[in-house]
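J.: Per the working numbering, residue 13 is the first one in the sequence shown, and the count goes up by one each step. Built from N, CA and C at the ideal position, the CB exists for glycine as well. Predicted, not measured: the structure shown is a model, and the values here were computed from it. Before we start, here is the structure in question, set down as structure tokens.
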Amino acid sequence: MGKVTITFLGATSTVTGSRFLVSSAKSKILVDAGLFQGLREVRRMNWNPFPVDPKTIDAVVLTHAHLDHCGYLPLLVRDGFAGKIFATEYTQKLATVILRDSARLQVEDARYAAEKGFSKHPVPLPLYDERDVESTLVNFAKANFREKVQISQDAFVTYFPSGHILGAGFVVLEIEEKLLLFTGDLGRNNHPLLSNPDLPPPMHFDAVITESTYGDRLHETSQGEFAAQINAAIKRGGSILIPAFAVDRTEVILMALHDLIEKGAIPSIPIYVDSPMALTALDYYRDAVKENSPELRPGVALKWKDADPFDAGELFEMRTVEESKSLTNIDKTSIVISASGMGTGGRVVHHLKNMLPDPKNTVILVGFQAAGSRGRSLEVGETKIKIHGAWVPVRAAIVKVESFSVHADSFELVEWLKGINHPAQVFVVHGETDAQEALAENLRKKLNWKVIIPKSAQVCEI
Ligand SMILES: [Zn+2]
Numbered sequence: 013m014g015k016v017t018i019t020f021l022g023a024t025s026t027v028t029g030s031r032f033l034v035s036s037a038k039s040k041i042l043v044d045a046g047l048f049q050g051l052r053e054v055r056r057m058n059w060n061p062f063p064v065d066p067k068t069i070d071a072v073v074l075t076h077a078h079l080d081h082c083g084y085l086p087l088l089v090r091d092g093f094a095g096k097i098f099a100t101e102y103t104q105k106l107a108t109v110i111l112r113d114s115a116r117l118q119v120e121d122a123r124y125a126a127e128k129g130f131s132k133h134p135v136p137l138p139l140y141d142e143r144d145v146e147s148t149l150v151n152f153a154k155a156n157f158r159e160k161v162q163i164s165q166d167a168f169v170t171y172f173p174s175g176h177i178l179g180a181g182f183v184v185l186e187i188e189e190k191l192l193l194f195t196g197d198l199g200r201n202n203h204p205l206l207s208n209p210d211l212p213p214p215m216h217f218d219a220v221i222t223e224s225t226y227g228d229r230l231h232e233t234s235q236g237e238f239a240a241q242i243n244a245a246i247k248r249g250g251s252i253l254i255p256a257f258a259v260d261r262t263e264v265i266l267m268a269l270h271d272l273i274e275k276g277a278i279p280s281i282p283i284y285v286d287s288p289m290a291l292t293a294l295d296y297y298r299d300a301v302k303e304n305s306p307e308l309r310p311g312v313a314l315k316w317k318d319a320d321p322f323d324a325g326e327l328f329e330m331r332t333v334e335e336s337k338s339l340t341n342i343d344k345t346s347i348v349i350s351a352s353g354m355g356t357g358g359r360v361v362h363h364l365k366n367m368l369p370d371p372k373n374t375v376i377l378v379g380f381q382a383a384g385s386r387g388r389s390l391e392v393g394e395t396k397i398k399i400h401g402a403w404v405p406v407r408a409a410i411v412k413v414e415s416f417s418v419h420a421d422s423f424e425l426v427e428w429l430k431g432i433n434h435p436a437q438v439f440v441v442h443g444e445t446d447a448q449e450a451l452a453e454n455l456r457k458k459l460n461w462k463v464i465i466p467k468s469a470q471v472c473e474i
């Protein structure tokens, strides 16, 4: 039996840039090829040459479509990777939307840098462009949930629904008689559409690689809090802005609003979804409901057979730039849901600029806000934030509602992981340092596991 190693090429001491290389004598498998996001020095790592020649990688296993898991793929392909990218059906569909949007943003950023002259390069280049994305998409290969697929000479992968976003899975990788489990991003047991994460299969794992985004925190606030904040804003005559990740969070929020309106907990007011990417993703979720996709909660398809789960009656889908701009002048109390979720880019930036100075308005933060993002600045109570080179005063109410997280919290992570039969080695990744350490400590104390927090580029033998 040959040696199997895992090299941690990203998501060490950070929640972004998931890239794990598993190598045997016969093959090299890359699990996720994510983009680094957040602080400038973290983002800069995207420009570093890939530490392993992409030509030598046999296959990529993609756990789900979020950019911090798939956003590096176009560079990998441009630099010579020619193997297959394994993904479930909806991961493939959503990754297509997310990667095309990412290329557009990279090109826009480069153009902006060129205009403003703040790049060191005479002609600033984008990290990648639309062509790189299109040549990546042809490499996708579909994997079904709970079916073992051969991905290289000596490696097999099986996907299990992880309840995180549509298409997301945790994966079991078998290579040279070694068994590895990658949690990807682990969801929770309360998603309104997706079924609970599958339980870990009853195998003896040689290595478990677990995320730890919320390894040091519990999700506490409830839907009651969400309703109360909306009602408070309505009473002040203001509007509500919800920066939301385009994929999944928008769906979860729309369903929560639908539910609250139906129960009479909040009045029916116009709800605008202002993000082209979110709207495309919304259509995929509608497709999944229509065709009763196996990842859905039992009964969901039947319940929404003749109705739209996302529309409580006043849903407006703002597809064009003109429609988006028209929102600036809306004087009627309304709810605007727009991406990106951390206020780092996209149409939400314009809404923040427009709505933050007015104390009648409320901004509701519903997701993880990475260090260095505008969302984090708002979360920690800064009184002004920089947008398009100018300071914008923060007078609107800023509230955080954590119940919409699609990541397991510290208790839920341990509860799920303890279903695994004492793994030989456990690696804690995909978390900021405090979260990684808290989860590692919990697993050592509660489950008596051998836990490692790998450093960047560390190579570990399995
Ligand atoms: Zn994710």
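Grab the span of the beta strand (DSSP E) containing ASP286 for me, first residue to last.
T.: Note, ASP286: beta strand (DSSP E), 283–286.
J.: Taking C-beta to C-beta, are THR345 and SER251 nearer than 8 Å?
T.: Yes, the Cβ-Cβ distance between THR345 and SER251 is below 8 Å.
J.: Go through its chain and collect everything with a Cβ distance to PHE48's Cβ below 6 Å, but skip five positions before and after it.
T.: Closer than 6 Å at the Cβ level, and outside the excluded window around PHE48, lie THR28, GLY29, VAL54, ARG55, MET57 and ASN58.
J.: As a quick check of your reading: which residues have a C-beta less than 5 Å from at least one non-hydrogen atom of ligand 1, in chain order?
T.: Those residues, listed in chain order, are HIS78 and ASP197.
J.: Kindly indicate the opening and closing residues of the beta strand (DSSP E) around GLU142.
T.: Per DSSP, GLU142 belongs to no beta strand (DSSP E); it is in the alpha helix (DSSP H), 142–149.
J.: Only counting runs of 3 or more residues, tell me where the beta strand (DSSP E) segments fall wholly within the segment 328–372, in order along the chain.
T.: Counting only runs of 3 or more, we get 347–350.
J.: Give a yes or no on whether the C-beta atoms belonging to LEU339 and VAL348 are separated by under 8 Å.
T.: Yes. Within cutoff.
J.: Could you give the DSSP three-state label for THR103: helix, strand or coil?
T.: Looking at THR103 - three-state DSSP - the assignment turns out to be helix.
J.: Could you check the C-alpha separation between ALA115 and LYS190 for me, to the nearest Å?
T.: So the alpha carbons of these two residues sit roughly 37 Å apart.
J.: If contact is defined by three or more beta carbon pairs under 8 Å, each pair taking one atom from either stretch, is the segment 272–290 in contact with the segment 351–371?
T.: At 8 Å Cβ cutoff, the stretches touch.
J.: For the putative contact between VAL34 and ILE163, defined by C-beta atoms under 8 Å, what is the C-beta separation to the nearest angstrom?
T.: Contact flag wrong, Cβ pair sits at about 11 Å.
J.: Helix or strand or just coil, what does DSSP make of TYR297?
T.: Reduced to three states, the DSSP call for TYR297 is helix.
J.: For ALA258 versus ILE18, is the C-beta distance shorter than 8 Å?
T.: No, they are not a contact pair.
J.: Which term fits ASP299, buried or exposed, when burial requires 16 or more other beta carbons within 10 angstroms of its beta carbon?
T.: Under this definition ASP299 is an exposed residue.
J.: Suppose you measure from the CA of GLY379 to the CA of LEU87; what does that come to, to the nearest Å?
T.: For GLY379 and LEU87, the distance between alpha carbons rounds to 28 Å.
J.: In this structure, how does DSSP classify TRP316 when only helix, strand and coil are distinguished?
T.: In the structure shown, TRP316 sits in coil (DSSP, three-state: anything other than H, G, I, E or B).
J.: Could you check the C-alpha separation between GLN235 and TYR140 for me, to the nearest Å?
T.: If you take the alpha carbons of GLN235 and TYR140, they lie about 40 Å apart.
J.: Please confirm whether LEU308 and LEU198 have their CB atoms less than 8 Å apart.
T.: Contact flag unset, no.
J.: Cβ of LEU111 within 8 Å of Cβ of THR170?
T.: No.
J.: Report yes or no: do the segment 438–458 and the segment 220–230 share at least 3 C-beta pairs separated by less than 8 Å?
T.: Segments in contact, yes.
J.: Could you tell me which of VAL135, ALA244, ALA94 and VAL73 sits nearest to ALA107, measuring between CA atoms?
T.: Comparing Cα positions, the closest option is VAL73.
J.: Alpha carbon to alpha carbon, how far is GLN118 from TYR124? Give it in angstroms, no decimals.
T.: Cα to Cα, TYR124 sits roughly 10 Å from GLN118.
J.: Per DSSP, what kind of secondary structure is PRO86 in: helix, strand or coil?
T.: Reduced to three states, the DSSP call for PRO86 is helix.
J.: Kindly indicate the opening and closing residues of the beta strand (DSSP E) around GLN241.
T.: That residue, GLN241, is in no beta strand (DSSP E); its alpha helix (DSSP H) goes 235–247.
J.: Among the candidates LYS337, ASN366 and HIS400, whose CA atom is the shortest distance from the CA of ILE357?
T.: In the sequence as presented, Ile is not what sits at residue 357; that position holds Gly. Nearest option by C-alpha distance: HIS400.
J.: Grouping DSSP H, G and I as helix and E and B as strand, with all else coil, what is GLN470?
T.: Residue state, collapsed to three classes: coil.
J.: Need the endpoints of the alpha helix (DSSP H) that PHE175 sits in, please.
T.: The residue you asked about is not Phe; residue 175 is Gly in the sequence shown. No alpha helix (DSSP H) contains GLY175, which DSSP labels as neither H nor E.
J.: What residue does the beta strand (DSSP E) around LEU74 start on, and which one ends it?
T.: Counting along the chain, LEU74 falls outside any beta strand (DSSP E), and DSSP gives it neither H nor E.
J.: Between the alpha carbons of LEU79 and MET215, how many angstroms are there, rounded?
T.: Each residue's alpha carbon lies about 30 Å from the other.
J.: When you compare the segment 364–373 with the segment 320–328, are there three or more beta-carbon pairs, one atom per stretch, that lie closer than 8 Å?
T.: Too few Cβ pairs lie closer than 8 Å, so no.
J.: Where does the unbroken alpha helix (DSSP H) through LEU269 begin, and where does it stop?
T.: Residues 261–275.
J.: Where ASP121 and GLY46 are concerned, what is the direct C-alpha to C-alpha distance, given to the nearest angstrom?
T.: Taking the straight line joining both Cα atoms gives about 19 Å.
J.: Taking the alpha carbon of ASP228 as the reference point, which residue from ASN454, VAL471 and ALA469 has its own alpha carbon closest?
T.: Of ASN454, VAL471 and ALA469, the residue nearest in Cα terms is ASN454.
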